[in-house]
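Going down the list, the sequences are from chains A and B.
Using numbering that gives the first Met the number 0, read the first sequence as starting at 0 and increasing by one per residue.
Using numbering that gives the first Met the number 0, read the second sequence as starting at 0 and increasing by one per residue.
These notes concern the structure reproduced below.
Number of protein chains: 2
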Amino acid sequence: MSMGKVDRVRAKAAKRARRRPLSKQAMVDVALRIVDTEGTEAVSMRRVAAEFDTGPASLYAHVRDKDELLRLVLDRVIDEMEVPTADAWQDVVRGFAHNVRSAYQRHADVARLSFAHIPTGEKVLAGSERLLRAMIEAGVPDRVAAWALDILSLYVGADAFEGWIMQQRFSHDARGRPVAEVDADFVASVQHDMGAMPADRYPYLARALPVMTSGTSDERFSFGVDMLIAGFAAQIPEQP
Amino acid sequence: MSMGKVDRVRAKAAKRARRRPLSKQAMVDVALRIVDTEGTEAVSMRRVAAEFDTGPASLYAHVRDKDELLRLVLDRVIDEMEVPTADAWQDVVRGFAHNVRSAYQRHADVARLSFAHIPTGEKVLAGSERLLRAMIEAGVPDRVAAWALDILSLYVGADAFEGWIMQQRFSHDARGRPVAEVDADFVASVQHDMGAMPADRYPYLARALPVMTSGTSDERFSFGVDMLIAGFAAQIPEQP
DNA sequence: ACCTGAACACCGTTCAAGT
DNA sequence: ACCTGAACACCGTTCAAGT
């Protein structure tokens, strides 16, 4: 009992009416949802297409390739950042770093995509402008301010990406166990990887290893930003 | 005219004798060669296996999965680094950063793999030990030294990875053209991405953009390291 | 311009079977 | 323990054909 031609055409039309129309916007929605639940590696053209009840070829009318789709996802995420509003330039830098990191952290491993391209959303432009103005008005040389923006972006992306990986790695073991215990396990596993790391050959390393994971990841991140700020500050020439 | 059973057995034995035997070592050799010529994304279990005239399943007797193979590749690369020998702690930090970066730079985008795991080769352990000793003996607090190692590793990996991507992106256009021209094109393309970036709305950004690509990538990297060093130095408590 | 089915040339990993 | 062929369940992208 097969469908007649008219039935098939009707079914097709009904299906098309039911589903959302394809568009860059809608594709980014779907891709971002996949990123949030399973990470960037789980995004595939076929899966995105399937959510629109079509094949992967359909997507190529809206994006050049998978890379462009992922770039659009990053742009969407980075546009969630809040523009820093502090007065002191140091606080603007801290705010910028913190706000970009927060946006990344809300979306699994999107930060991985940040190395591949320069984001150009409204918010990140406004945030960058704010950062540059604050630094330059405080007497930081143009070149230092420009490079500072570059370095900060790199550091924030790397920290957010690594943070996600570490979290993934220990979310398997750490099923609601105390943090201290998970930390101890981490130190033990690294020591094991380092071939038991003889404390007599690497005394400083042996001493430093437990310290490396001390404090929260937020504290370590803030520390890094403050190190950079101190460096930038030292580049302000003496007032005559 | 098909081969008899004896012939087939002989051909198989001859083939086996001719080719290199499988081993972690040999697999890493092959994978690293692929990385060097085509990048980490070009490495596949099937391609590595093909170089040994066998199927991908054979590799799984030596590594748990593709991830472990890539981790071994990174370990091999990081073990190419030279251990810094300077006296002043600042120079040890510079040497460490520079030597790790150099090792990465010799191997396409291997730096990408550095975010996913803590390297444990002989050289990087010795280098880390040297770094920690230099800093701690100079009066840097334990915690600052330990975190410094972490931050530096992150920054070096991110810089090397991004450097490779940028190089890739512009090696298409930049067929022996003057560097200044390629730089100008870069600025133009970013400006285009930023939606023409109205200079009246983002005056500081418009001014900073050409500056961001000023100097060589080595200079920008050294600048970043020096910013961190200045930050670490400020953490040395006053001598009583 | 937008959409589609089918095809091309690939993937990582598992498994039963062999040595 | 090491190796293999075959299979499973996927990939990104292209292309001719349709609307």
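Cβ coordinates follow ideal geometry from the N, Cα and C atoms, glycine included.
Chain A within 8 Å of residue i, Cβ atoms only
{"i": "W146 of chain B", "result": "yes"}
{"i": "F51 of chain B", "result": "no"}
{"i": "F222 of chain B", "result": "yes"}
{"i": "Y201 of chain B", "result": "yes"}
{"i": "G54 of chain B", "result": "no"}
{"i": "E37 of chain B", "result": "no"}
{"i": "S43 of chain B", "result": "no"}
{"i": "F231 of chain B", "result": "yes"}
{"i": "R142 of chain B", "result": "yes"}
{"i": "D78 of chain B", "result": "no"}
{"i": "L227 of chain B", "result": "yes"}
{"i": "L73 of chain B", "result": "no"}
{"i": "R93 of chain B", "result": "no"}
{"i": "R63 of chain B", "result": "no"}
{"i": "R100 of chain B", "result": "no"}
{"i": "D66 of chain B", "result": "no"}
{"i": "S216 of chain B", "result": "no"}
{"i": "S170 of chain B", "result": "no"}
{"i": "E128 of chain B", "result": "yes"}
{"i": "K14 of chain B", "result": "Unreliable positioning characterises K14 of chain B in this predicted model, as indicated by a pLDDT of 48, which lies under 50. A coordinate reading is not provided."}
{"i": "S57 of chain B", "result": "no"}
Burial state of residue i (16 or more Cβ within 10 Å)
{"i": "E161 of chain A", "result": "buried"}
{"i": "D108 of chain A", "result": "buried"}
{"i": "P20 of chain B", "result": "exposed"}
{"i": "E128 of chain A", "result": "buried"}
{"i": "T215 of chain B", "result": "exposed"}
{"i": "G54 of chain A", "result": "exposed"}
{"i": "T36 of chain A", "result": "exposed"}
{"i": "P118 of chain A", "result": "buried"}
{"i": "A147 of chain B", "result": "buried"}
{"i": "Y203 of chain B", "result": "buried"}
{"i": "R200 of chain B", "result": "exposed"}
{"i": "Y59 of chain B", "result": "exposed"}
{"i": "A145 of chain B", "result": "buried"}
{"i": "A133 of chain A", "result": "buried"}
{"i": "A179 of chain B", "result": "exposed"}
{"i": "A183 of chain A", "result": "exposed"}
Residues near residue i in its chain [Cβ-Cβ closer than 7 Å; skip 5 each side]
{"i": "A159 of chain B", "result": "R100, Y103, Q104 and A110"}
{"i": "E121 of chain A", "result": "D78"}
{"i": "F185 of chain B", "result": "F169 and T212"}
{"i": "P209 of chain B", "result": "V186"}
{"i": "I150 of chain B", "result": "L227"}
{"i": "F114 of chain A", "result": "G156"}
{"i": "A85 of chain B", "result": "V91 and G94"}
{"i": "A25 of chain B", "result": "R19"}
Test: residue i CB closer than 8 Å to a CB of chain B
{"i": "E161 of chain A", "result": "yes"}
{"i": "F114 of chain A", "result": "yes"}
{"i": "L69 of chain A", "result": "no"}
{"i": "G156 of chain A", "result": "yes"}
{"i": "A207 of chain A", "result": "yes"}
{"i": "L21 of chain A", "result": "no"}
{"i": "I33 of chain A", "result": "no"}
{"i": "V210 of chain A", "result": "yes"}
{"i": "L153 of chain A", "result": "yes"}
{"i": "I150 of chain A", "result": "yes"}
{"i": "I164 of chain A", "result": "yes"}
{"i": "R46 of chain A", "result": "no"}
{"i": "I235 of chain A", "result": "no"}
{"i": "R132 of chain A", "result": "yes"}
Contacting residues, own chain, Cβ-Cβ under 8 Å from residue i (five flanking each side not counted)
{"i": "R90 of chain A", "result": "Inspection of the sequence shows that residue 90 of chain A is occupied by Asp rather than by Arg. Within the same chain, D90 of chain A has close Cβ partners P83."}
{"i": "L31 of chain A", "result": "V72, R75, V76 and H106"}
{"i": "S57 of chain B", "result": "L21, A48 and F51"}
{"i": "D141 of chain A", "result": "I135"}
{"i": "V42 of chain B", "result": "A30, I33, V34, K65, L68, L69 and V72"}
{"i": "Y154 of chain A", "result": "A96, G223, V224 and L227"}
Residues near residue i in its chain [Cβ-Cβ closer than 6 Å; skip 5 each side]
{"i": "I235 of chain B", "result": "G138 and V139"}
{"i": "K65 of chain A", "result": "M44"}
{"i": "V62 of chain A", "result": "L68"}
{"i": "W88 of chain A", "result": "A133, M134 and A137"}
Cβ-heavy atom distance, residue i to the ligand FMN, below 7 Å
{"i": "V76 of chain A", "result": "The model on display carries no ligand, and the ligand FMN is accordingly not part of it."}
Worksheet entry | Entirely enclosed alpha helix (DSSP H) segments - the segment 147-174 of chain B, minimum 4 residues | none
Discussion item. My parser needs the alpha helix (DSSP H) runs of 4 or more residues fully inside the segment 25-87 of chain A; what are they?
Written reply: The alpha helix (DSSP H) runs of length 4 or more contained entirely in the segment 25-87 of chain A are, from start to end of the chain, 44-49 and 65-77.
Discussion item. Give the list of continuous alpha helix (DSSP H) stretches no shorter than 4 residues that lie fully inside the segment 84-146 of chain A.
Written reply: 88-104 and 121-136
Discussion item. Ignoring anything shorter than 3 residues, give me the beta strand (DSSP E) runs that lie fully in the segment 211-238 of chain A, in order along the chain.
Written reply: Runs found: none.
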